[in-house]
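Just so we're aligned: the sequence shown equals residues 2 to 959 in this note's numbering.
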Amino acid sequence: MNEEQKYIIVKGAREHNLKNINISIPKNQLVVITGVSGSGKSSLAFNTIYAEGRRRYVESLSAYARQFLGNSEKPDVDSIDGLSPAISIDQKTTSNNPRSTVGTVTEIYDYLRLLYARVGTPYCKNGHGEISNQTLKEMIKQIQTLKDETRIEILAPIVTSKKGTYQDLLAQLKKENFLRVKVDNKIYTLDEEIELNKNMRHDIDIVIDRIVFKNDDVTISRVHDALEVALEHSNELAKVTINDTNETWLFSQKYACKVCGFSLPNLEPRLFSFNAPAGACPECKGVGVRLEVDEDLLMPDMSLSINQGGIEYYKNIVNTTNLEWQKLQVLCHHYLIDLNLPLNKLTKEQIQFIMRGSKEPINYSLTSANGRKYPNYDYIEGVATLIERRYIETTSDLAREYYRKFMTQRICVTCKGSRLNEDVLSVKIHTTLKDKKQLLNISELTKLDIEESLEAIKHIQLLPHQQEIAKLVLVEINKRLNFLINVGLNYLSLSRNAQTLSGGESQRIRLATQIGAQLTGVLYVLDEPSIGLHQRDNNKLIATLKTMRDLGTTLLVVEHDEDTMLAADWLIDIGPKAGIHGGKVVAEGTPEEVMANPKSITGQYLIGTKYIELPHTRRSGNGQVLEIKNATVNNLNNLSAKFPLGKFICITGVSGSGKSSLINEVLYNDLHKILMKKNQKPNSIIKGYENVDKIIAISQEPIGRTPRSNPATYTSVFDDIRDLFASSPEAKIRGYTKSRFSFNVPGGRCERCNGDGVIKISMHFLPDVYVACEVCEGKRYNSETLQVKWKGKNIFDVLEMPVETALEFFANQAKIYKKLSVLEEVGLGYIKLGQQATELSGGEAQRIKLAAYLQKRATGKTMYILDEPTTGLHIDDIKKLIKVLNKIVDNGDTVIVIEHNLEVIKVADYIIDLGPEGGKYGGKIIATGTPEQVIKNENSYTGEFLKPIIARDLKRLK
C-alpha cells in the first residue's frame, strides 16, 4: 500500500491563518484536531480538507447541476493527495422549517409511514371497531353464504344522514333510468313525487336490483353486475339488505365502517404525511400549532372598561370616527355590552362576542370622518377575528409585526398537535409497551421518546403475512432508533420540532443518520460533536465514532473534550496561539506522544502540568434570592427553583433534563416580560424580581448577518476610532466629519463596491464569484478618505489590525483602549477589528457580546445568562472565560451558566442539577448547593463525574 492509500497528505495549506503547513493524516482512523480557539483547527479541517473534497466532487458534476450547489472555490493549498469523498457534519441547526421533526430529518418517519400503510389496522373513528376493505370477489363470496330462496336487495347508498330536499338528485337518477330508491327505509318509485323536509337528515339508497338468491351461475352473474353498478354510483360502497331477517351488510372497496359508513381511502404512505394535503390536519395544515389572538395580550388590564382603553387594539381610537371602533360599538350595542363596565365584570359570552363577533347579521350604519354614510347589513367580526385575518392578509412586515404582538402560538385544537387529520389517526398498530397491550396511531408512536418507540416497534404484533411484508421496514426503523440512542438522544421524541434542537443535538442526529448509511472509504469532518452532551453520555458518543471508523471511514474531528482526545487514534495540536500567532502544527501523534511534547499546550493540560484551579472559597452572595415557582414549560415537572443572587450559578444535568427550558424559556422570558413591563403574562410565578434590574442573555447567535458587521462596530469602538480620525488635522483641513470614515454610508466609502470591498459577479449556471473591487482594491474606502492618517495608519489599516496590535496602537487613547482591552480579556486578542461577522464562530460571537456588556458599569443587580459558553473553547480559553465571569460576579452581579464542562462546574458557587434523566423522565431538581455538596448526592450524575475532579484538585492544593 502506497502512502496516498494510507494518508491524506496536505502540502502548503495557507487558508486563513495557516502557515503554509504540511501534514499527513492517517486514513481509517479517529483523528482529533485540537488547539486554542482561533489557532486554525477549522481552517485545516473544514476550510481546507473538506472544502477541497467538496470542490472535487462538485467539479465532477455537469455545469447544470453545479449551479444548484453553491460556490466551490479552491482552498489556498498547494496539494492534497489521498483525499476521500468528504462529508461535513457541523453544528448548524438541522432545519428552520417548522414542518421538520426528528422523525423526518432521520427519515424514520418515512419508514413509519410505509409501515402503517402496509400493516396498519383502520378503526372506525366513531368507536365501531375495526374496519376493512373488500374486493368484489370477497363481497360475492360473503353473499354466497346465504341460503337459496333468500330475498335480497342490492342498494347504492348515495346520501347518509344529510339535510336537504334532494330534488335535483332524484331527477338525475330518473334520467339515468333507475326505477326505485329507498328513502329513510321506505321504498319509492322515481315516478312518485318524493317530498323531503329540508331541515331533517335523510338516508337515500338507489335500489339497483331485487333478487331471490340462488347459488347458480346466472344469479351470481346478476349479483356481480348489480354490485358493480352500486359501487360505481356510491363512492365504492354497496349495501345488501336481507329481507327475511332485516339484516343489512355494508360492503366497501375501500376501508369503511359497516355501522356508520365512516370510510378511508386506500392506505398509502402519503396519507400518513402531514406535509401532504391528504394527511394534514385541515385546520393547522400539518404544522400542529396555530397563531391565535391571546386574550391576556389583547386585554392586559381587565379592570379597565372598553371606553378606558381596556382593549389594547382599540385604545388609541376610542370615541373616534374610526370605522373599526364604530363597528365595535355596534357589536356591543347589539349584545347589550356596556362600554363603561370593567372588562372583568363582563360575562364570558360577552367577551366571546367581542373576540369572535356576531352570530347573526346586524343592521347597522357607519359614518366616516368626512361625513359619508355606510349603511350595511352583515356579520360584524370580533377583534380577535379581525387581527387574525389581517395578520394573514397583510403584505407589510411592519403591520404583521404589530398584529403578531397580540397573538400567541397554541396547539391546534382540531388535531391536538398531532399535525394529521382524524382519518389518518384512525389507523393503528397493535403493540406491547411496558407490559401493556396498546393500540397506537402514528402520532402516538412518534410522541413517545426514542427508547419507548424502539420498545413499541420491537413488540409490534403482526399476522404471519404482515410479518413478511414489514420485515425489512422494521429492520431499518430498529437500526435508526438504536443509532439515536447510541449518540445519547434517547430522551428525544420523533415528533420533536427540529427547530427546537440545539446545535449539538442536530449534529448528533446527522451523525446517527450517517451511521445508518454505512458508507465506507469516506472522510467525515465533525465539529465538536460532544457539545451539549453530559459526561455520562460521552462514552456512547465515542463508541459511535469508533463504530464509524471500524466501518472503514476516516473521522476528522475538531474537538476540545478531554475524553474524546484521549480516545483518538491520532491527535493533532494546532497553535501555538490564536490568529496570526497560530496556524502551525505544534504536535501530532498518539495522545501519549502529544502529552509528552512540552510545546503542546493541550498536552500540558491533558497531563496535568497546566490546570484550572479550584477556588479556595465559595461566594456567599448578597443574601437575596430569585425564586421560580411551579414551572411547567416543556418537560419541567411543576418545578420550583431558587437562585441565590450575587453568585456564579451553574445549571447542570443530562441532555434533555430541562436546563434550557428552566433558564431560557422560563427564567429569561418571564423575568424579561416583568422587567420590560411587557403586556404579556409570565408562564410561571417569579418572586424576588425586584432584586434584579436587568437580565441579559448572551447567546451564540451571530453578531450580524452581513459582512458589514464586525467586532469593531458591535462593541462600538469603531465610533471612537472614527471620532479620532475626524479630529485629525488632515480631516479638519478637508472638512471631513465622523461619517466620512463609515463604510456604510455614501461619502467616504468606495461607491463602486458600496463599501463591501468585493464585487459579486453572477456566473449564471456557475457559482457566483467574488472579486476584490478594482477601484478601492478591497479597502472599502475611496482614495481621498484613505489619505487621512493617524499615527501613519489609515482607517482601513486600523480595521485590519488584530485586537492585540490595536491595543498597542491606541495605548494613549483611554476610551478606545478600555474597549479593546475587554476584547483581549475575553480571549479575542487575535481577531481583526474589521473581521466580518459571517466569519466568526458561535463561541467568538458570544465572547464579543460578553465584551460589549463588560464595558458597561456594573449595577450589582444585573443577571447574565450564558448557554454553554465553552462551545468552541480550548481549556486554556475556558480558563480566561472563567476569569471574566468571576470578575462580573465580583462586581456584585449574578452569572447563570448552563454547562456540561466539569472545569466550569467545579468553580461555581452554586449548582442546580436537573434530571434524573432526559425528556419526560427529567424536569426535576436532583441536587443543589456548592460542588462539594452536590458530589455527596448519590442520585446526581453530575456529582458522580465531578467527584474525582474535585478530589484531584484538592490534592493539588495540598
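By construction, the Cβ of each residue, glycine as well, lies at the ideal position given by its N, Cα and C atoms.
> Does DSSP put Glu628 in a helix, a strand or coil?
Replying inline: Counting from one through the sequence shown, the residue named residue 628 turns up at place 627. Strand.
>> Which residue wins for smallest C-alpha separation from Ile697, given the options Gly923, Lys820 and Met864?
In response: The residue given as residue 697 occupies position 696 in the sequence shown. Relative to Ile697, the option among Gly923, Lys820 and Met864 whose CA is nearest is Met864.
> Should Gly844 go down as buried or exposed, given a rule of 16 or more other Cβ atoms within 10 Å for buried?
Replying inline: What you label residue 844 is simply residue 843 of the sequence shown in a count that begins at 1. By the 10 Å Cβ count, Gly844 comes out buried.
> Does any heavy atom of the ligand PLP sit closer than 8 Å to the C-beta of Ile34?
Replying inline: Within the structure as shown, the ligand PLP is missing, as the structure has no ligands at all.
>> For Ile734, count the other beta carbons within 10 Å of its own beta carbon; 16 or more makes it buried, fewer makes it exposed. Which is it?
In response: In the sequence shown, counting from the first residue as 1, residue 734 sits at position 733. It counts as exposed.
> So the alpha helix (DSSP H) Val905 belongs to, where does it begin and stop?
Replying inline: Start at 1 with the first residue of the sequence shown, and residue 905 comes out as number 904. From DSSP, the alpha helix (DSSP H) with Val905 extends over Leu903 to Ile906.
> How would you call His561, buried or exposed, if buried means at least 16 neighbouring beta carbons within 10 angstroms?
Replying inline: Taking the sequence shown and counting its residues from 1, one reaches residue 561 at position 560. The residue in question, His561, is buried, as its Cβ has 16 or more Cβ neighbours within 10 Å.
> Considering only the beta carbon of each residue, do Val693 and Thr895 sit closer than 9 Å?
Replying inline: Locating residue 693 in the sequence shown gives position 692, where the first residue counts as 1. Locating residue 895 in the sequence shown gives position 894, where the first residue counts as 1. Going by C-beta atoms, Val693 is nearer than 9 Å to Thr895.
> Residue range of the alpha helix (DSSP H) that Asn539 falls in?
Replying inline: Taking the sequence shown and counting its residues from 1, the one referred to as residue 539 is at position 538. Its alpha helix (DSSP H) spans residues Gln536 to Asp551.
>> Short of 8 Å in beta carbon distance, which residues of its chain neighbour Phe766, apart from the five on each side in sequence? Order them along the chain.
In response: In the sequence shown, residue 766 corresponds to position 765, counting from 1. Low confidence applies here, because Phe766 scores a pLDDT of 48, under 50, leaving its location unreliable and the question unanswered by this model.
> What three-state label does DSSP hand Ala239 in the structure shown?
Replying inline: Within the sequence shown, numbered from 1, the residue matching residue 239 stands at position 238. DSSP places Ala239 in strand when its eight states are reduced to three.
> Between Ile629 and Ala838, which are expected to be in contact by the criterion C-beta below 8 Å, what is the C-beta distance as a whole number of angstroms?
Replying inline: Here residue 629 refers to the residue found at position 628 when the sequence shown is read from its first residue. Here residue 838 refers to the residue found at position 837 when the sequence shown is read from its first residue. Not really, about 34 Å apart at Cβ, beyond 8 Å.
> Could you give the uninterrupted runs of the alpha helix (DSSP H) lying entirely in the segment 387-430, keeping only those of 4 residues or more?
Replying inline: As far as the segment 387-430 is concerned, its whole alpha helix (DSSP H) runs of at least 4 residues are 398-405 and 423-426.
> Of all the alpha helix (DSSP H) runs that stay within the bounds of the segment 917-950, which reach a length of 4 or more residues?
Replying inline: 932-935
> Going by other Cβ atoms of all chains shown within 10 Å of its Cβ, with 16 needed for buried, is Ala815 buried or exposed?
Replying inline: Your numbering for residue 815 matches position 814 in the sequence shown. Exposed, by the Cβ-count rule.
>> Residues in the same chain with beta-carbon distance under 6 Å from Tyr911, minus the five sequence neighbours each way, listed in chain order, please.
In response: To locate residue 911, count along the sequence shown from 1; it is residue 910. So the list reads Pro645, Lys648 and Ile650, once near-sequence residues are dropped.
> Going by alpha carbons, who is nearest to Ala969 out of Ile9, Gly13 and Ile26?
Replying inline: In the structure displayed, the chain extends from 2 to 959; residue 969 sits before or after that span and is not available.
> In terms of alpha-carbon separation, which member of Ile608, Thr871 and Leu615 lies closest to Glu900?
Replying inline: Position 899 of the sequence shown holds residue 900. Nearest option by C-alpha distance: Thr871.
> Are Val488 and Ile461 close, meaning C-beta to C-beta below 9 Å?
Replying inline: Taking the sequence shown and counting its residues from 1, the one referred to as residue 488 is at position 487. Taking the sequence shown and counting its residues from 1, the one referred to as residue 461 is at position 460. Going by C-beta atoms, Val488 is not nearer than 9 Å to Ile461.
> Who are the Cβ neighbours of Asn520 in its own chain at under 7 Å, not counting the five residues just before and after it?
Replying inline: Counting from one through the sequence shown, the residue named residue 520 turns up at place 519. In the sequence as displayed, the identity of residue 520 is Leu instead of Asn. Thr554, listed in sequence order.
> Which one or two residues does DSSP pair with Ala14 in a beta bridge?
Replying inline: Locating residue 14 in the sequence shown gives position 13, where the first residue counts as 1. According to DSSP, Ala14 bridges with Ile22 and Val78.
>> Helix, strand or coil, according to DSSP, for Thr95 in the structure here?
In response: Walking along the sequence shown from the start, residue 95 turns up at place 94. Because the pLDDT at Thr95 is just 49, under 50, the model does not fix this residue reliably, and the value given afterwards should be weighed accordingly. DSSP, read as helix, strand or coil, puts Thr95 in coil.
> What first and last residue would you give for the alpha helix (DSSP H) that runs through Ile486?
Replying inline: As a first step, residue 486 must be located in the sequence shown, where it is residue number 485. Per DSSP, Ile486 belongs to the alpha helix (DSSP H) from Pro465 to Asn487.
>> For Lys163, which residues in the same chain have their Cβ closer than 7 Å to its Cβ, ignoring the five residues on either side in sequence?
In response: One-based indexing of the sequence shown puts residue 163 at position 162. Once the five neighbours on either side are set aside, the close Cβ partners of Lys163 are Arg202 and His203.
> Taking Cβ positions, are Leu556 and Val890 nearer each other than 9 Å?
Replying inline: On the sequence shown, residue 556 is found 555 positions in, with the first residue counted as 1. On the sequence shown, residue 890 is found 889 positions in, with the first residue counted as 1. No, Cβ-Cβ distance for Leu556 and Val890 is not below 9 Å.
> So, are the CB atoms of Lys972 and Thr249 less than 9 Å apart?
Replying inline: No answer is possible for residue 972: it lies beyond the span of the chain, which begins at 2 and ends at 959.
> Given that a residue counts as buried once 16 or more other Cβ atoms are within 10 Å of its Cβ, and exposed if not, what is Thr95?
Replying inline: Reading the sequence shown from its first residue, position 94 is the one you call residue 95. Confidence at Thr95 is low in this model, with a pLDDT of 49, below 50, so the placement of that residue should be treated as unreliable; the coordinate-derived value is given next. The residue is buried, with at least 16 neighbouring Cβ atoms inside 10 Å.
>> Can you check which of these residues, Gly580, Tyr8, Leu903 and Leu482, is closest to Tyr942 by C-alpha distance?
In response: Mapped onto the sequence shown, residue 942 falls at position 941. For the options Gly580, Tyr8, Leu903 and Leu482, the alpha carbon positioned closest to that of Tyr942 is the one of Leu903.
> Per DSSP, Tyr378 is paired with what?
Replying inline: Counted from its first residue, the sequence shown places residue 378 at position 377. Paired residue(s): Asn364.
> For the segment 304-323 against the segment 337-355, are there 3 or more C-beta pairs whose distance is under 8 Å?
Replying inline: yes
>> Please tell me whether Ile355 and Leu329 are closer than 9 Å, where the distance is taken between their beta carbons.
In response: On the sequence shown, residue 355 is found 354 positions in, with the first residue counted as 1. On the sequence shown, residue 329 is found 328 positions in, with the first residue counted as 1. Contact flag set, yes.
>> Please report the distance separating the alpha-carbon of Asn186 from that of Asn247.
In response: Residue 186 sits at position 185 when you count from the first residue of the sequence shown. Residue 247 sits at position 246 when you count from the first residue of the sequence shown. Roughly 11 Å between the two C-alpha positions.
> Looking at the structure shown, is Cys333 part of a helix, part of a strand, or coil, going by DSSP?
Replying inline: Position 332 of the sequence shown, counting from 1, holds the residue named residue 333. Cys333: helix per DSSP, three-state reduction.
> So, helix, strand or coil for Pro768, using DSSP?
Replying inline: To locate residue 768, count along the sequence shown from 1; it is residue 767. Note that Pro768 scores a pLDDT of 49, beneath 50, so its modelled location is shaky; the value from the coordinates is reported in the next line. The answer is strand: DSSP assigns Pro768 an E or B state.
> Considering only residues of the same chain and omitting the five flanking positions on each side of Thr35, which have a CB-CB separation below 8 Å?
Replying inline: For this step, residue 35 is matched to residue 34 along the sequence shown. Result list for Thr35: Lys42, Val559, Glu560, His561, Met566, Leu572, Ile573, Asp574, Ile575, Thr603 and His875, in chain order.
> When you compare each of Pro917, Ile950, Val789 and Leu955 to Glu990 by their alpha carbons, which one comes out closest?
Replying inline: Since the first and last residues shown for the chain are 2 and 959, residue 990 lies out of range.
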